[in-house]
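Q: Sequences listed follow chains A and B, in order. Residue numbering for the first sequence is 1001 to 1222, as defined by our numbering. Residue numbering for the second sequence is 6 to 305, as defined by our numbering. Idealized CB from N, CA, C, for every residue including glycine. One structure, as structure tokens, below. Some questions next.
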Amino acid sequence: MIEFRYLTKIYEHRIRALNNITIKIERGEFIFLVGPSGAGKTTLLRMIYGDERPSSGFVYVANREVSNMPNRNIPYLRRRIGVVFQDFKLLYSKSVFDNVAFALRVIGTKESEVYKRTIKALNIVELTQKKSCFPHELSGGEQQRVAIARAIINDPPILLADEPTGNLDAQLTNGIINLFLEANEQGTTVIIATHDLELANRFGGRIIHIANGELINGISYY
Amino acid sequence: MGFHTTKYFIKEALVNFKRAGLMSYASIGIISVTLFILSLFLLFTTNLKGVVELLVKRTAIIVYLKDGLSEAEIIEFEKTIGEIDQVSQVVYVSKEEALQKFKENLGENKDILNNLPANPLPNYLDVKVKPGDFIWEELSKIAKQIQESELVEDVDYGQKIVNLLAKITHGFRIIIIGIGIVLCLATLIIISNTIELGLFAREEEIAIMKLVGATNWFIRFPALIEGTLQGVISGGVALSLLWVLYKFVIVKLWVSDVFFQLISIKFIPLEFILAILLTSALLGCLGSFLSLHYFLKPKK
């Protein structure tokens, strides 16, 4: 489903964010990408949805090479990948409903369809009651769930989450991870980036360790 | 592109327009003034045409013919001149008629001509031309062309004044084009800046749009509509201002002045009105397109 081959990313001033990474992820896997801050987790995730291009090496998603995909095709790739961003990336001028519906509207979905699917997604994250609220009226955990609703609204085959439990307490963390597990049961490939090894151990699934832009345990094949 | 998408684009454009608030109005204000100055020049040009027409009506090329031409030769020559595009009328005046006219002009003193041994005046053709954009330049060309004929003794068309008028209109045309280009560029820069400021305010929203899979065109369209809207509104405001100025100031001043009453003052014709609106719409569209370039260029 997702494959990195000899992936290297060097930023300006010769900062090596990723070094010779080779990972293969199968369809339907549940992955924890574990490493300390600055290890390159976010950069790796961004490679998957084409927000970052490698300096060398290859990225394949669903058998298509993303590393040299023309820019005009990137939007269509992103519609097949749900992303929960570390900072949520919610629009604070829009209501919860409109934030979630945004992902459908900007790809030109009919308004009747938008309503149906937004309500369904809000149901899954149990936020239907707060659909008219604005993000600043919500708690951190609730904002996280809005971000998740937006990520799953297109029923994407791939779901990526960057530190989704960053500053949540244990109970909320369980609730959030369970949402990803549910999606995974439906066949979605899930990758969760976290600094928290204990969390990864608690929920099982495959763990990929990364530090200083390198894989800790060498090539990570299943 | 479906109906609901179009509806979404227009709605977004209007929302963004409103959200830009004072910026939108300020930009429309500045662009309106710019376009107003431009249309003021067009009004001037329009009415200058009236002056030109008046002058053309009083202009003629007098073609003095050689003596001893047969009637057939003269008729044939008259026909040849009548076929030149810009010529509206050719009138043949025989030496007898010329003398008669001369006498009429002399009035009471006409008797002094009685003692002439022979009629010293030549036969001539009175050639009138149609008014046109380049008539002064063309007039001397036509005169030269006529003069080349073997039948012609001399040609008179007020060379000095016509050449001066040709120079003035030519200079004026260059000034109008120059000012037009400068004002269009200014409009382009203002619109592109306003839209860009609006885009900066929505930078995060645009980033998120891209991250959730919006195509560049989906982001571009509302902004293009917004820019076009700003342009058209500015054009409309400029034209309204011009009309108010025309109706309530220029016309009143004109009527009170005896000299100007010779020329009827007109508002700019429909073609110019449409041209101004179209130009302002295009400038608005192009302006926002340019500002979008920064936001939509891919990351390295």
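How would you list, in chain order, the residues of chain A whose beta-carbon sits under 8 angstroms from the beta-carbon of residue 28 of chain B?
A: Counting only Cβ-Cβ distances below 8 angstroms, residue 28 of chain B has no contacts in chain A at all, with the closest Cβ about 16 angstroms away.
Q: Three-state secondary structure (DSSP) at residue 1006 of chain A?
A: strand
Q: Below 8 angstroms, how does it come out for the region 20–40 of chain B and the region 115–125 of chain B: are there three or more Cβ pairs, yes or no?
A: no
Q: Per DSSP, what are the beta-bridge partners of residue 1082 of chain A in this structure?
A: A:1159
Q: Using a Cβ-Cβ cut-off of less than 9 angstroms, list which residues of the region 1049–1080 of chain A approach chain B; keep chain order.
A: Taking 9 angstroms as the Cβ-Cβ cut-off against chain B, the residues of the region 1049–1080 of chain A that qualify are 1049, 1051, 1052, 1053, 1071, 1072, 1074, 1075, 1076, 1077, 1078, 1079, 1080.
Q: Got a sec, what are the start and stop residues for the alpha helix (DSSP H) residue 219 of chain B sits in?
A: Here residue 219 of chain B belongs to no alpha helix (DSSP H), and DSSP marks it neither H nor E.
Q: Extract the residue ranges of the alpha helix (DSSP H) inside the region 139–178 of chain B, only unbroken runs of 4 or more that lie entirely within it.
A: 140–152
Q: Output yes if chain A places a C-beta closer than 7 angstroms to the C-beta of residue 208 of chain B; else output no.
A: no
Q: Restricting to Cα atoms, I'd like to know which of B:301, B:256, B:287, B:291 is closest to residue 52 of chain B.
A: The residue with the shortest Cα to Cα distance from residue 52 of chain B is B:256.
Q: Which residues of the region 211–238 of chain B have a Cβ closer than 9 angstroms to any Cβ of chain A? Give them in chain order.
A: 212, 213, 214, 215, 216, 217, 218, 219, 220, 221, 223, 224
Q: State the DSSP-derived secondary structure class of residue 1173 of chain A, mapped to helix, strand or coil.
A: helix
Q: Whole-angstrom Cβ separation of residue 1101 of chain A and residue 1154 of chain A, contact assumed at under 8 angstroms?
A: The pair is not a contact, with the Cβ atoms about 12 angstroms apart (cut-off 8 angstroms).
Q: For residue 205 of chain B, count the other beta carbons within 10 Å of its own beta carbon; 16 or more makes it buried, fewer makes it exposed. Which is it?
A: exposed
Q: Got a sec? Which residues, its chain only, sit under 6 angstroms from residue 1081 of chain A by beta carbon, not counting five neighbours each side?
A: 1049, 1156, 1158
Q: I need the DSSP call for residue 1221 of chain A, collapsed to helix, strand or coil.
A: Because residue 1221 of chain A sits at a pLDDT of 49, beneath the cut-off of 50, its placement in the model cannot be relied upon, and the following sentence gives the value as read from the coordinates. Correct three-state label for residue 1221 of chain A: coil.
Q: Tell me the start and end of each unbroken beta strand (DSSP E) in the region 1061–1135 of chain A that is at least 3 residues and wholly inside, in chain order.
A: 1081–1084
Q: Is the shortest distance between the beta-carbon of residue 1103 of chain A and the beta-carbons of chain B less than 7 angstroms?
A: yes
Q: Tell me which same chain residues have a C-beta within less than 8 angstroms of the C-beta of residue 136 of chain B, skipping the five on either side of it?
A: Closer than 8 angstroms at Cβ, skipping near neighbours: 54, 57, 58, 61, 62.
Q: Grab the span of the beta strand (DSSP E) containing residue 1020 of chain A for me, first residue to last.
A: DSSP places residue 1020 of chain A in the uninterrupted beta strand (DSSP E) bounded by 1016–1025.
Q: Can you have a look at residue 1140 of chain A and say buried or exposed, based on whether 16 or more other CB atoms are within 10 angstroms of its CB?
A: With fewer than 16 neighbouring CB atoms inside 10 Å of its own CB, residue 1140 of chain A falls in the exposed class.
Q: What residues from chain B crowd round residue 1091 of chain A, counting only those whose CB sits closer than 7 angstroms?
A: 210, 213
Q: Does the CB of residue 51 of chain B have a neighbour CB from chain A at under 7 angstroms?
A: Chain A contact via Cβ: absent.
Q: Can you tell me which of A:1005, A:1034, A:1178, A:1147 puts its alpha carbon nearest to the alpha carbon of residue 1209 of chain A?
A: A:1034
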